[in-house]
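**Student:** In full-length UniProt numbering, the protein residues as written are 1 to 337.
#1: Kindly indicate which three-state DSSP category residue 216 falls into: helix, strand or coil?
#2: Counting along the chain, where does the beta strand (DSSP E) carrying residue 191 start and finish?
#3: Tell me which residue opens and which closes the beta strand (DSSP E) that residue 312 is part of.
#4: When burial is assigned at 16 or more other CB atoms within 10 Å of the CB, is residue 286 buried or exposed?
#5: For residue 209 and residue 31, I'd like the C-alpha separation in whole angstroms.
#6: Based on the DSSP secondary-structure assignment, which residues constitute the bridge partners of residue 265?
#7: Going by DSSP, what residues sit across from residue 51 in a beta bridge?
#8: Compute the distance between the beta-carbons of residue 77 and residue 135, then report whether it is under 9 Å.
#9: Go through its chain and collect everything with a Cβ distance to residue 246's Cβ below 8 Å, but skip five positions before and after it.
#10: Could you check how far apart the C-beta atoms of residue 144 and residue 126 are, in whole angstroms? I think they sit under 8 Å.
#11: When you compare each of 139, 185, 219 and 213 to residue 201 by their alpha carbons, which one comes out closest?
#12: Taking residue 66 and residue 22 to be in contact with their CB atoms under 8 Å, please state how far apart those CB atoms are, rounded to whole angstroms.
#13: Could you check whether the Cβ of residue 59 sits closer than 8 Å to any heavy atom belonging to the ligand GTP?
#14: From residue 95 to residue 158, what distance separates their C-alpha atoms?
#15: Taking DSSP as the reference, what is the three-state secondary structure of residue 174?
#16: Using the three-state DSSP reduction, which class does residue 62 fall into: helix, strand or coil?
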């Protein structure tokens, strides 16, 4: 099934073509934060107002990770030159800078008052943002850049993916000892794309880079892979459908038809439901709206594309939670350039 139309397209000039960065986050305040080169912009999805929050001077530094806190009161911004900042968006003021890394920070994840950051210096740092000395723990297990981080919905487990092709599962209560729950080596390329299942607490999806191209579904309690799909394309992002049992993958380089595509998969069978196109270069990041209906894909073609791919909960769906496939054919194109 081919679907051609997106709901909206926004120009994103100077969006960097960097697989490892995570430069987009949509907060529960309905504001999208996105880094475009040395600048970071806020786009209000309710009134479409655009505000430039910051601009890095000089040519050697730029934002490489952007993540809203759970209550959207604070925006965490990681940088190429290893700085990590907390911003109050309401006042457009820098709250504080957090120290500890010596390489670019390409991944960040919030868990309540804990901000976790992953760096090219191979370390993971947990920052307690309430404390004057924020460094709560520092973990050095990865052998290469930490390019993916995701806390589980319950906040009891952290998944970290590295450029050495490893996936680690950590228990929150044991991270200070650097003792991992599982070390998973099934991928054969960088593990950037990570997503915890919203309706099965111990289930995690991970996606591998170009030399791997696999979506793997994990039982993190047992540390076993329960499903594996070969997409034959670089996996740059994964988003679960919160309303129906589906997962969306965003793709980059490939020698197959999945290049630069979004692919929708039914869970748990992982049969392909459909494909979404139109990016002219690889997808860099995905993020999901607070209501779980819209997914944005950020592409190296310097566009942000909005897809109402998931749709609202289906009345009478019951336990099957299977979406109406006709919804995939009802996209409206509205170019905002």
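Note that the Cβ used here is the ideal one computed from N, Cα and C, for glycine as well. Owing to the predicted nature of the structure, the values given are computational and were not obtained by experimental measurement.
**Tutor:** According to the structure data:
#1: To locate residue 216, count along the chain shown from 1; it is residue 216. Correct three-state label for residue 216: strand.
#2: As a position in the chain shown, residue 191 is number 191, starting the count at 1. Here the beta strand (DSSP E) through residue 191 covers 191–196.
#3: Here the question's residue 312 lines up with position 312 in the chain shown. Premise fails: residue 312 is in no beta strand (DSSP E) and is neither H nor E.
#4: One-based indexing of the chain shown puts residue 286 at position 286. Burial call: buried.
#5: As a position in the chain shown, residue 209 is number 209, starting the count at 1. As a position in the chain shown, residue 31 is number 31, starting the count at 1. So the alpha carbons of these two residues sit roughly 29 Å apart.
#6: Taking the chain shown and counting its residues from 1, one reaches residue 265 at position 265. According to DSSP, residue 265 bridges with 247 and 272.
#7: Translated into the one-based positions of the chain shown, residue 51 becomes position 51. DSSP lists 42 as partners of residue 51.
#8: By 1-based counting over the chain shown, the position of residue 77 is 77. By 1-based counting over the chain shown, the position of residue 135 is 135. Cβ distance not < 9 Å, so residue 77 and residue 135 don't count as in contact.
#9: Counting from 1 along the chain shown, the entry for residue 246 is found at position 246. If we look at residue 246 and ignore the five residues flanking it on each side, its Cβ neighbours are 240, 264, 265, 266, 267, 273, 310 and 323.
#10: As a first step, residue 144 must be located in the chain shown, where it is residue number 144. As a first step, residue 126 must be located in the chain shown, where it is residue number 126. No, residue 144 and residue 126 are not in contact; Cβ-Cβ is about 20 Å, not under 8 Å.
#11: For the purposes of this step, residue 201 is taken as the residue at position 201 of the chain shown. Residue 219 is the option with its Cα nearest to residue 201.
#12: Walking along the chain shown from the start, residue 66 turns up at place 66. Walking along the chain shown from the start, residue 22 turns up at place 22. Indeed they touch by this definition, with Cβ atoms about 7 Å apart.
#13: As far as ligands go, the structure on display features none, and thus does not contain the ligand GTP.
#14: By 1-based counting over the chain shown, the position of residue 95 is 95. By 1-based counting over the chain shown, the position of residue 158 is 158. If I take the Cα positions, the gap works out to 26 Å.
#15: The residue labelled residue 174 in the question sits at position 174 within the chain shown. Residue state, collapsed to three classes: helix.
#16: Looking up residue 62 in the chain shown gives position 62. Residue 62 falls in the coil class under three-state DSSP.
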